Each structure stands twice: as structure tokens, then as C-alpha cells.
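Report on one structure; see the data block that follows.
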């Protein structure tokens, strides 16, 4: 597929040509505690659409997942469950299909443990030379004891490995109490240290679209949404 039909965003066309030349590895890092249940369920339903759009634009894109819960949950001592980066898209869908958002309804969460996995190149299976993108999805603060470690991991990922961490804060679409009006500061700091951008989700049903946008960058949202409309049947 060509990039000529990408509308006015020639910047996106250039971005896609670069990614096609280098290759693309994408890892979804997602909070799997109770408040995130609507987003995990939406990811299960729409992951095929997400992968369809991304692989249409960047054939050969690979995907991985890191889910995290609190230490007293069912993910073991490091509080994470990992699917290393793979070109087996069915296996990635099956991994997400088995995630259940439970426990840990109260903040904070050990986000630093998930970012430690992301920067463990062997465990995560990143392929050298490709563009590495992390999409962190959550709504909680970081455990105070792990906050500085989380920021260091984000810095390492972008400065040493030239990866990018983009963040989706789902707290703007919360139905528990007052929705947030700005990105949670810990999450915003992770995106800043990780060389990426942070986004406050205010419409729950738009979550899956923002997963796709976050692969390429919020500055390309309009053009990416046009491509989504072309490739994915409206439901």
C-alpha cells in the first residue's frame, strides 16, 4: 500500500515511510486492575482492528503486551504478566483475551515494574534496528517507593534505546467520582521522560482508536482517524 492517499498530513506519510524502512515493534503496557476493566474488554474486541490498521500502514509490525497489577494481586512478586514482542498476532490476541481486570481498585500501582520489563531487551524481545513504541494505558499514580525508578526506566528507554513511550490516561472518562481534566502528573512525567506524549481520554468508546493514534503520535490524530474510517467498518 502506498502513502499517497494519506491526506494533507505529509508528515504522517514521511513517518510511515520511515517506519516501513526500519520496521516497527509496539508494546501495550496496561493496568489490569479493576477500574481498567472497560478498556481491557474493549481491547479484546477491537485488537484485530488495531492490528489491521497498524499493519496496513507498516507491514511486518510486531506487537507485545505487559499487564500489571498491584503486588498483592495474582501476577507474582514482580506484579506483571508479559507477552514478548512477536509477529504472531493471533498469540497476542489470545494473551489479551485471557486478561481479567480485578483487584487493586485503589491507587497507587507498581508501574515501575512494568517499565522495568520494557527496558529488559532480552525479556521483552525487542528487535534491534526497528522503531520501538510503548503505549502505556492506566489511570493511577506510581507507588512512591518506585516513582523515581519508573522515571529512570522511561529515560533509559528513550535515551539509550531510542524508543518512545506514549501514555493514555483513562481517568478523564472515569465514572467513579469526578473525571480528571488533566493528565495525572505521574503518567505525564513518564511520557515526558520517555520522549513521547500523554493523552487524557474523555470518551471511553474512543479508546481503541487512540491506541492506533498513539502508535504514530497525537500530532497525526486527524489523518490516522481518516485511515481508520477507510479500513475499519463502522460499527
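Residue numbers (our numbering): -2 to 232. The C-beta atom is built at its ideal place from N, Cα and C for all residues, glycine as well. Keep in mind that this is a model prediction, so the values were computed, not measured.
Nearest-angstrom beta carbon gap, residue j and residue i [assumed within contact, 8 angstroms]
i	j	result
residue 23	residue 130	5 angstroms
residue 113	residue 150	6 angstroms
residue 122	residue 174	Actually they are not in contact, since the Cβ atoms of residue 122 and residue 174 sit about 38 angstroms apart, beyond 8 angstroms.
residue 190	residue 152	5 angstroms
residue 162	residue 143	Not quite, the Cβ-Cβ distance comes to about 16 angstroms (not below 8 angstroms), so this is no contact.
residue 208	residue 170	Incorrect: roughly 14 angstroms between the Cβ atoms, too far for contact.
residue 154	residue 116	5 angstroms
Residue j beta carbon less than 8 angstroms from that of residue i
i	j	result
residue 224	residue 54	yes
residue 106	residue 65	yes
residue 126	residue 57	no
residue 139	residue 165	no
residue 156	residue 16	no
residue 31	residue 99	yes
Contacting residues, own chain, Cβ-Cβ under 7 angstroms from residue i (five flanking each side not counted)
i	result
residue 28	65, 106, 134, 135, 136 and 137
residue 222	206
residue 44	90 and 93
residue 5	With a pLDDT of 42 at residue 5, under the threshold of 50, the modelled position of this residue cannot be trusted, and the question is left open.
residue 41	93 and 94
residue 188	162, 163, 164, 194 and 195
residue 232	In this predicted model, residue 232 has a pLDDT of only 48, less than 50, meaning its place in the structure is not dependable enough to derive any value.
residue 201	35 and 170
residue -2	At residue -2 the pLDDT is 48, less than 50, meaning the model places this residue with poor confidence; the figure from the coordinates comes in the next sentence. Same-chain partners within the cutoff: 53.
residue 86	48 and 60
Own chain residues within Cβ distance below 6 angstroms of residue i, not counting five before or after
i	result
residue 185	195
residue 84	59
residue 111	26, 63, 65 and 77
residue 51	58 and 212
residue 160	129 and 154
CA nearest to the CA of residue i, picked from the options
i	options	result
residue 68	87, 104 and 15	104
residue 204	147, 141 and 46	46
Beta-carbon proximity list for residue i, same chain, < 8 angstroms, skipping 5 on both sides
i	result
residue 1	With a pLDDT of only 46 at residue 1, under the threshold of 50, the placement of this residue in the model should not be trusted; the figure read from the coordinates follows. Closer than 8 angstroms at the Cβ level, and outside the excluded window around residue 1, lie 10.
residue 120	79, 81 and 114
residue 49	228 and 229
residue 12	213, 214 and 217
residue 176	168, 169, 170 and 199
residue 141	105
Task: Any 3 or more C-beta pairs closer than 8 angstroms across the region 207 to 220 and the region 176 to 184 - done: no
Task: Cβ pair count under 8 angstroms reaching 3, the region 74 to 85 against the region 31 to 42 - done: no
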